[in-house]
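To start, the structure under review is shown below, and the notes come after it.
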Amino acid sequence: MEIPEEQFLELQRQATLGHLLAGVAHELSAPIGSMLSNRDVGLRLLDRIEKAVADSAPERARDLLRACRELARVDQIAAERINHLARSLKIAARVTDKVPQRTNVNDIVDSALELSKSQFRDRIAVETEFGTLPDVECYPPLLSLAVVNLVTNAGQAIDGAGKITVGTRLEGDTVHIWVSDTGRGIQEDDKPKVLKEGFTTKPVGVGTGLGLLMVSRAVTQDHGGSVAFESEPGHGTTFHIRIPLQQTKKGAE
Amino acid sequence: MPDNHKPIVVLVDDEEMILTSIRTLLMLEADYEVQCFTNPLDAIGFLEKSTADIAVSDYLMPGLTGIQLLAESKRLQPEATRVLLTGHADKASAIQAINQVGLFHYLEKPWDNAQLLLVIQQGVERAQLLRELRQKIMELDTANSTLKGAQARLLRAFL
Chain A
144 MEIPEEQFLE LQRQATLGHL LAGVAHELSA PIGSMLSNRD VGLRLLDRIE KAVADSAPER
204 ARDLLRACRE LARVDQIAAE RINHLARSLK IAARVTDKVP QRTNVNDIVD SALELSKSQF
264 RDRIAVETEF GTLPDVECYP PLLSLAVVNL VTNAGQAIDG AGKITVGTRL EGDTVHIWVS
324 DTGRGIQEDD KPKVLKEGFT TKPVGVGTGL GLLMVSRAVT QDHGGSVAFE SEPGHGTTFH
384 IRIPLQQTKK GAE
Chain B
27 MPDNHKPIVV LVDDEEMILT SIRTLLMLEA DYEVQCFTNP LDAIGFLEKS TADIAVSDYL
87 MPGLTGIQLL AESKRLQPEA TRVLLTGHAD KASAIQAINQ VGLFHYLEKP WDNAQLLLVI
147 QQGVERAQLL RELRQKIMEL DTANSTLKGA QARLLRAFL
């Protein structure tokens, strides 16, 4: 049975999102654990402050109040972290949104990084080089998942420790997004096949060969842009996405 | 107690917020010296130089996993109690930790403060008892060699 390509890509996008959820759940455990503990300690502190006031011990009360403020500061950071993850999920999860939106591409790239970096945060450092960009009419979830795919690939290309750099910049009337890794690189023989459907060098269960197809469709068909890469075996790979500022295309689905 | 310093608790988590939460809890409810590290290598540096009673570590951190860190802690300070506090709920890593590093307790995030306090308190007591035991065995050894020396002198004097 043939599955229409659009439906096929939709399934692939859902699978990409599903794959990220375990990592996102793990990312949530720190801020949630911290906030729950702080609520409990906050109540313990209030009891002690009440007692310090009853005992007329202002010095002690001041110390306890300082601890309360410190926990409130930590709660703020934790809540912002949760909010950032939720916002990133919202951007990436609206895959069925067929209406283009004027959005800053840096926000989209940031959401993609936020969702994908937890897959390998124990071994890979992620750096960003965001340029100043104007808003672009685009499909945020499609671009976000495209970047998620490139970052996931970059992480899988690195054995052990390494670095991924993600950047954006304005080049004339084009927005340029790049994802660079210090991984094992792409073999010369494989280069012509990389952007073709179903091509993968990863073991079954890790790669399907559909991630880059998804990237290529999202960029070229949905945004009228282009995908390119350069790679040096043993040193790393850089993928480039270029999207025109003025989107001449994509009509109704 | 063999020595009369405050018990030393080593906390390791790459998330600063976790360290602040637990340090505040311990300051309020117990009388420990709390040493916090966001970098597991710094924690190892501390364990190389100073005595600790308990090490509580996160699992997934840049550079080293909690299991690798606790294995180092076991090598450097076998008497210090080892606890894993992880957001990475995964049975395989728990079993590995218990078997490889002689884990005292495995806790998951989010944790219960009352339980965490109890685990740390019991862990500290355990470490201090082990250290006291080692002290007593050393004293016994010394007494034993003194006796042996005395016996040797007696034998020389009378035979």
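Chains as they are written, first to last, in our numbering: chain A, 144 to 396; chain B, 27 to 185. From the three backbone atoms N, C-alpha and C, an ideal C-beta is built for every residue, glycine too.
Asked: If you count every other CB in all the chains shown that lies within 10 Å of the CB of T311/A, and 16 or more means buried, which is it?; Found: buried
Asked: Indicate whether G303/A and E375/A have their beta-carbon atoms separated by less than 8 Å.; Found: no
Asked: Contact check, V38/B vs L95/B under 8 Å by CB: the rounded distance?; Found: 6 Å
Asked: When you check each C-beta in the region 149-179 of chain A against every C-beta of chain B, which residues fall closer than 7 Å?; Found: H169, S172, A173, P174, I175, G176, S177, L179
Asked: Using a Cβ-Cβ cut-off of 6 Å (strictly less than) and excluding sequence neighbours within five positions of K392/A, which residues of its own chain qualify?; Found: The predicted model places K392/A with a pLDDT of 49, which falls under 50 and marks its position as unreliable; any figure quoted below should be read in that light. G367, listed in sequence order.
Asked: Do you know how far the Cα of A235/A is from the Cα of E396/A?; Found: Here the model assigns E396/A a pLDDT of 38, short of 50, so the residue's position is not dependable and the matter cannot be decided.
Asked: Which same chain residues, not among the five before or five after A255/A, have their C-beta less than 6 Å away from its C-beta?; Found: S287, V290, V291
Asked: Closer than 7 Å, Cβ to Cβ, to anything on chain B: give me those residues from the region 300-331 of chain A, in chain order.; Found: none
Asked: Let's test the definition: count the other Cβ atoms within 10 Å of the Cβ of P147/A and tell me whether it reaches 16, buried, or not, exposed.; Found: exposed
Asked: For the region 212-238 of chain A, which residues have a beta carbon sitting closer than 9 Å to at least one beta carbon of chain B?; Found: E213, L214, R216, V217, D218, I220, A221, R224
Asked: Under three-state DSSP, which class holds R312/A?; Found: strand
Asked: Is I320/A helix, strand or coil when you go by DSSP?; Found: strand
Asked: Residues in the same chain with beta-carbon distance under 7 Å from A120/B, minus the five sequence neighbours each way, listed in chain order, please.; Found: Y132
Asked: Looking only at its chain, what residues have a beta carbon closer than 7 Å to the beta carbon of T344/A, apart from the 5 residues adjacent to it on each side?; Found: D333
Asked: Flag this pair as yes or no: are the beta carbons of P136/B and I225/A separated by less than 8 Å?; Found: no
Asked: Tell me the rounded alpha-carbon separation between P28/B and L207/A.; Found: Caution applies to P28/B, whose pLDDT of 47 falls short of 50 and renders its modelled position unreliable; the value that the coordinates give is listed next. Whole-angstrom Cα-Cα distance: 33 Å.
Asked: For the alpha helix (DSSP H) that P201/A lies in, which residues bound it at each end?; Found: 201-236
Asked: Could you tell me whether any Cβ in chain B is nearer than 8 Å to the Cβ of R187/A?; Found: yes
Asked: Taking E41/B as the query, report the chain A residues whose CB atoms sit under 7 Å from its CB, ordered along the chain.; Found: A173
Asked: Hey, is the region 258-269 of chain A in contact with the region 163-177 of chain A, meaning 3+ C-beta pairs nearer than 8 Å?; Found: yes
Asked: Please say whether Q61/B and I34/B have beta carbons closer to each other than 8 Å?; Found: yes
Asked: May I ask you to list the residues that DSSP assigns as paired with Y132/B?; Found: L110/B
Asked: Between the C-alpha atoms of D116/B and V358/A, what's the straight-line distance to the nearest angstrom?; Found: 32 Å
Asked: Is the beta carbon of V362/A closer than 8 Å to that of I307/A?; Found: no
Asked: Just the C-alpha distance for A97/B and I80/B, rounded to the nearest angstrom, thanks.; Found: 13 Å
Asked: For H31/B and D57/B, what's the separation of their Cα atoms in angstroms?; Found: 11 Å
Asked: Along chain A, in chain order, which residues have C-beta atoms closer than 9 Å to that of N139/B?; Found: L179, S180, D183, V184, R187
Asked: Would you say A210/A faces chain B, with C-beta separation under 8 Å as the test?; Found: yes
Asked: Compare the beta carbon distance of R360/A and L214/A with 8 Å and say whether it is the shorter of the two.; Found: no
Asked: Using the Cα positions of L129/B and M164/B, report the straight-line distance between them to the nearest angstrom.; Found: 26 Å
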